[in-house]
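The block underneath contains the structure these notes are about, expressed in structure tokens.
Residue numbers (UniProt numbering): 1 to 900.
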């Protein structure tokens, strides 16, 4: 007999922490454009150049020609993925080959006598750029982007055409070089990051990747004599004069705080002769600086403005900097701002891949990735295996996430001069692009897991120190040839152990006094071909699988861990010389050389958390209060109280102790704070704490509120955090929510927003074992990301949820997302509707044609009204059916169906 959930019953709310969480506002998500932050006072004009492109998938011999009729090509906006993919898209099922983009745009007379630049943040693979029928650039890398001065190729006062050919097919002549069918990630292809167009006067501050200057070009900032009392900020600015006459200039550089107040400034007068480029070096002293640190990531605005002899501003570049120093002191480990970093740097590797859209993430998705990892207490990310989006870098600066930036490459070497030259160029370009980010801890120059000549290692070590002469940290592999060309050695803790020592001894061999770091840990495959693993767990596999993954990451394989399995526990057992490690991997992602997606992430490809995510949250220091990310105490019950849930209950918390209560009876209290070396907070395992029959007894007796697990985190006997978990009973409804509730929704034609449909009982508890199919409808100023190949609409519910993605239009307004059961009946789920409102984009657009979302207001009102009526009818039916089914229950009882 099943007791129906009474509509009046509502369970107690679950509290992760008794402290308030920081409020995240739109001001916390500021993204650079074309390498700078645009201001209204700047003489530069800035345009979002990513809208209104015509797209063709395939080769086209006339793709760059003016005469081609592209009117039947699809109109798209960048970031753009060349195809939408299913969540599990591994095994090289993605398209490989050429794609073409063509954009028609007008330049008014207002563009006269200006320099005109296009900034492509990245185009995947090898690419060609054509302007008005003329090829102006070929590019042989897909992760760093390019800045083009197109002034001489465009027609001011008339129409123009720009064409882009992108080719993500296999090509061994440039890194990564390896065939995708043998590669551990995927080149999804296309114009997958943002595109910007901006103008300057004939005299301007250059972009670092626009010019080929060692440790120069653009703006280069470094710091000296950094302390809480004072800091020296050194600025080197590269100026260009393309005018026909000499130009006397004044370079005004000022430091501005986050509230907009000027802290200090300096001026330098200079005369640029016609067609001259030169660097201007300046220094400013900051009294009582607010230093950047992962736990207090304070940022300043640095504004470099050029004024002519008449005092008119002719250019301005605004960037964000954080005043800080990062050092590795051999056996003494990591120092930040002159102070020893007493904790371990624990984090993850991150591929830029996302479910459905591949690598074409919008800025808000990059920011959300960093935010969720910082919420989990992580302080470091390795950007495997390439430089990532500028938006990702901006988010890391703002949220206090240290970054290790690898080179483009994975298990492939080619002796050809072109390959070697491109690999070296990639190193210079990534440093020049990202050198001012306070989040960057180290640039990794070697090609990942690749046998490369010692001469190459020597050269690239020198390149990093040439491009970053003040504070370079070069991490390389632990093999002997690499050690002499590194400042930090990549190694697992067990690689550091002396062979003479017993397995449990904590002594370590020291790599010639150099600090070390574990770049990839946690993966636990049986062999490198099969890839069966206790760490690779799909979220839909449920409790037991997710628990095994979480416990492996915490302690290694087995109950007590394994001496050769690197885990949080073993990383914390190392001496200070071993700085920390990054888990492989933060998020599930697709790859080319295996038919199965990599499922070792602590979140899935949509960024839905697994139990392992809660495990990491429980390791953060509760006394560290972060200004943006979640901090304080955390508690999570790794159990769902289903009929088939395990008898043991595991609770993760960063309190001193955890107390567990089951169905009103206290199970016990376990100390979780580790007072010795090893994992800071051990998962609390309550043996034989859960029994479904006890839950059944409470439900039969209508004692629904007592049928729960209560976990409480204790410090000095006081409750500091608490979670209450109830078993889900009869599934009755769908509940829609935003996965990221903190991000403003912007109508820029490309922003992606993730929606989650949860199947719940009448009290809001998620039915983890539900197997419903959900159909989504999107109305208004957005579209659903869906194709038949994706199997995304309808989507099968897994582990209680079904995610969907939408893309905003170019028009601000109302967005309605509706979710209903794909197969409806008397007892089907109550549908739900989520109403959102997008706000206008602040960026100007430049395109002759734009993609349109045709929103019929009358049709929108009618469909909304129909949906509301259907939902109310379903709610009424549920109430009526609840009363009628009481008779079914009563008859079961009367007929003796009460036996255990």
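Where a beta carbon is used, it is the ideal one built from N, C-alpha and C, also for glycine.
Pairwise C-alpha distance: residue j and residue i
i, j, result
"residue 36", "residue 320", "8 Å"
"residue 555", "residue 63", "56 Å"
"residue 220", "residue 41", "22 Å"
"residue 517", "residue 446", "15 Å"
"residue 831", "residue 798", "17 Å"
"residue 55", "residue 848", "15 Å"
"residue 777", "residue 870", "14 Å"
"residue 547", "residue 69", "57 Å"
"residue 550", "residue 95", "34 Å"
"residue 282", "residue 529", "55 Å"
"residue 332", "residue 580", "13 Å"
"residue 13", "residue 763", "Confidence at residue 13 is low in this model, with a pLDDT of 48, below 50, so its placement is unreliable and the value that follows should be read with caution. In a straight line, the C-alpha of residue 13 is about 11 Å away from that of residue 763."
"residue 6", "residue 757", "The pLDDT assigned to residue 6 is 36, lower than 50, so where the model puts this residue is not dependable, and the model offers no usable value."
"residue 527", "residue 265", "59 Å"
"residue 434", "residue 477", "23 Å"
"residue 734", "residue 185", "35 Å"
"residue 256", "residue 302", "6 Å"
"residue 369", "residue 706", "37 Å"
"residue 611", "residue 61", "51 Å"
"residue 269", "residue 248", "7 Å"
"residue 396", "residue 743", "16 Å"
"residue 466", "residue 214", "7 Å"
"residue 665", "residue 679", "30 Å"
"residue 596", "residue 90", "6 Å"
"residue 663", "residue 682", "24 Å"
"residue 371", "residue 379", "11 Å"
"residue 59", "residue 164", "12 Å"
"residue 486", "residue 470", "16 Å"
"residue 4", "residue 715", "Here residue 4 scores only 32 on pLDDT, less than 50, and its place in the model is too uncertain to base an answer on."
"residue 491", "residue 676", "23 Å"
"residue 267", "residue 118", "30 Å"
Supposed close pair residue i, residue j - CB separation, criterion 8 Å
i, j, result
"residue 781", "residue 809", "4 Å"
"residue 360", "residue 43", "Contact doesn't hold; Cβ gap of about 32 Å is too wide."
"residue 829", "residue 793", "About 16 Å; that fails the 8 Å criterion."
"residue 903", "residue 448", "A question about residue 903 goes unanswered here, because the residues of the chain that appear run from 1 up to 900."
"residue 523", "residue 600", "6 Å"
"residue 820", "residue 754", "That pair is no contact at about 19 Å."
Cβ pair residue i, residue j closer than 8 Å
i, j, result
"residue 175", "residue 456", "no"
"residue 183", "residue 228", "no"
"residue 442", "residue 473", "yes"
"residue 238", "residue 260", "no"
"residue 709", "residue 639", "yes"
"residue 422", "residue 388", "no"
"residue 125", "residue 168", "yes"
"residue 779", "residue 873", "no"
"residue 577", "residue 330", "yes"
"residue 629", "residue 660", "no"
"residue 30", "residue 375", "no"
"residue 582", "residue 377", "no"
"residue 552", "residue 535", "yes"
"residue 850", "residue 747", "no"
"residue 143", "residue 166", "no"
"residue 916", "residue 323", "Here the chain has residues from 1 to 900 only, and residue 916 is not among them."
Heavy atom of the ligand ADP within 7 Å of residue i beta-carbon
i, result
"residue 630", "For the ligand ADP, the structure offers nothing, since it holds no ligand at all."
Requested in this report: Jot down the residue ranges of each uninterrupted beta strand (DSSP E) in the region 180-229, minimum 3 residues, whole runs only, in chain order.
Outcome: 195-200, 203-205 and 219-224
Query raised in the report: Taking the runs of the alpha helix (DSSP H) that are 4 residues or longer, which of them lie wholly in the region 424-499?
Result: 454-467, 480-483 and 493-496
Requested in this report: Can you check the UniProt domain "Glycoside hydrolase family 2" (737-820) for any beta strand (DSSP E) of at least 3 residues that lies completely inside it and give the ranges in chain order?
Outcome: 752-760, 773-780, 782-784 and 801-808
Report task. Only counting runs of 3 or more residues, tell me where the beta strand (DSSP E) segments fall wholly within the region 551-626, in order along the chain. Result -> 578-583
Requested in this report: Determine contact between the region 99-109 and the region 150-165, defined as no fewer than three beta-carbon pairs at a distance below 8 Å.
Outcome: yes
**Report entry** Within the region 113-149, ranges of the alpha helix (DSSP H) (whole runs, at least 4 residues)
**Finding:** none
Query raised in the report: Is there contact between the region 399-406 and the region 290-306, where contact requires at least three CB pairs shorter than 8 Å?
Result: yes
Requested in this report: Output the residue ranges of the beta strand (DSSP E) runs that lie fully inside the region 280-314 and measure 3 residues or longer, sorted by chain position.
Outcome: 300-307
Query - At least 3 beta-carbon pairs within less than 8 Å: the region 608-626 vs the region 646-661 - result: yes
Query raised in the report: Is it a yes or a no for the region 117-134 touching the region 142-157, going by three-plus beta-carbon pairs under 8 Å?
Result: yes
Query - Contact the region 193-200 vs the region 601-617: 3+ CB pairs below 8 Å - result: no
Requested in this report: Could you name each continuous beta strand (DSSP E) segment of 3 residues or more that falls completely within the region 325-388, going from the start of the chain to the end?
Outcome: 326-328, 334-336, 345-349 and 380-382
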